Ligand code: MLT
């Protein structure tokens, strides 16, 4: 299914498991990119895949940045709320349960997923973050008690400094998330091995959530 309304160009594919994966592409991606990944990770889950609304010289993103790794905080907060509103509108339109939303984000998509976790209304139930960094330092304590989060990072990633991912892991742990961090001796690109690991993680987590 394809639709340009509800505020975001997006794709939605119904599922039968009760979970809905919110798949969020990286810089320069589109709403089509991570649909196969979502299907691989959680067969039977519905998939909602929006396209980021910010254009960086034609490359779609979920929020503006001032330089590589330097985020426009005001825009990030605005775009996070805008995406949350879209999720609520999409749940009404397609009839999925907004309390069973699980994010799967890569790079810029993982960063807006992390922002969705740190800012109200905190719609996500669980998250898989591939190549994520700190979207912003939370000013107030965040409560993510028991939220399952899979964080996969590359030690040789030139876009995402490992210490930045490490800081995100600390923030999520302090917030009480049930964090599973996987480091690999790899760069920014996703590997088959970590997709397989995330799939295994999903098969343990989804039955507990639903
Ligand atoms: C970001 O801007 O979100 C990160 O630098 C990663 C990316 O470029 O997608």
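Numbering (our numbering), first residue to last: 551 to 760. All C-beta atoms, glycine included, are put in the ideal place defined by N, C-alpha and C. Given the structure is predicted, the values throughout are model-derived calculations rather than measurements.
Leaving out the 5 sequence neighbours to the left and right, which residues in its chain are closer than 8 Å to residue 760 when beta-carbon positions are compared? Start at 1 with the first residue of the chain shown, and residue 760 comes out as number 210. Cβ neighbours of residue 760 beyond the five flanking positions: 567, 568, 569, 650.
Give me, in chain order, the residues of the same chain whose beta-carbon lies closer than 7 Å to that of residue 634; leave out the 5 immediate sequence neighbours on both sides. Translated into the one-based positions of the chain shown, residue 634 becomes position 84. 666, 671, 673.
Extent of the continuous alpha helix (DSSP H) to which residue 715 belongs: Residue 715 sits at position 165 when you count from the first residue of the chain shown. Looking at the DSSP string, the run of the alpha helix (DSSP H) that includes residue 715 is 712-724.
Collect the residues with a C-beta less than 6 Å away from any heavy atom of ligand 1 and give them in sequence order along the chain. 576, 577, 615, 618, 619, 657, 658, 661, 709
Exposed unless 16 or more other CB atoms sit within 10 angstroms - verdict on residue 680: Walking along the chain shown from the start, residue 680 turns up at place 130. Flag for residue 680 reads buried.
Please state whether DSSP places residue 580 in a helix, a strand or coil. By one-based count along the chain shown, residue 580 stands at place 30. Three-state DSSP puts residue 580 in coil, outside helix and strand.
Would you please state the rounded distance, in angstroms, between the beta carbons of residue 744 and residue 702? I believe it to be under 8 Å. Position 194 of the chain shown holds residue 744. Position 152 of the chain shown holds residue 702. Contact flag correct, Cβ pair sits at about 5 Å.
Own chain residues within Cβ distance below 8 Å of residue 609, not counting five before or after: Position 59 of the chain shown, counted from the first residue, corresponds to residue 609. Excluding positions up to five away in sequence, the list reads 577, 578.
Quick one: give me the first and last residue of the alpha helix (DSSP H) that residue 625 is part of. Position 75 of the chain shown holds residue 625. Looking at the DSSP string, the run of the alpha helix (DSSP H) that includes residue 625 is 623-644.
Residues in its own chain within less than 7 Å of residue 613 by CB, not counting five upstream and five downstream? If you number the chain shown from 1, residue 613 lands on position 63. Cβ neighbours of residue 613 beyond the five flanking positions: 604, 621, 622, 625, 626, 629, 662.
At the level of alpha carbons, what is the spacing between residue 565 and residue 644? Reading the chain shown from its first residue, position 15 is the one you call residue 565. Reading the chain shown from its first residue, position 94 is the one you call residue 644. Spanning the two alpha carbons is a distance of roughly 11 Å.
Can you check which of these residues, 583, 688, 704, 638, is closest to residue 659 by C-alpha distance? One-based indexing of the chain shown puts residue 659 at position 109. Of the candidates 583, 688, 704, 638, the one whose C-alpha sits nearest the C-alpha of residue 659 is 583.
To the nearest whole angstrom, what separates the beta carbons of residue 601 and residue 559, a pair I think is in contact under 8 Å? Position 51 of the chain shown, counted from the start, is the residue given in the question as residue 601. Position 9 of the chain shown, counted from the start, is the residue given in the question as residue 559. Right, the Cβ-Cβ distance comes to about 4 Å (below 8 Å), so this counts as a contact.
For residue 639, which residues of its own chain have a beta-carbon under 8 Å away from its beta-carbon, when the five flanking residues on both sides are left out? Within the chain shown, numbered from 1, the residue matching residue 639 stands at position 89. Taken in chain order, the residues that qualify are 556, 557.
Continuous alpha helix (DSSP H) stretch holding residue 588: start and end: Residue numbering aside, residue 588 sits at position 38 when the chain shown is read from its first letter. Residues 585-591.
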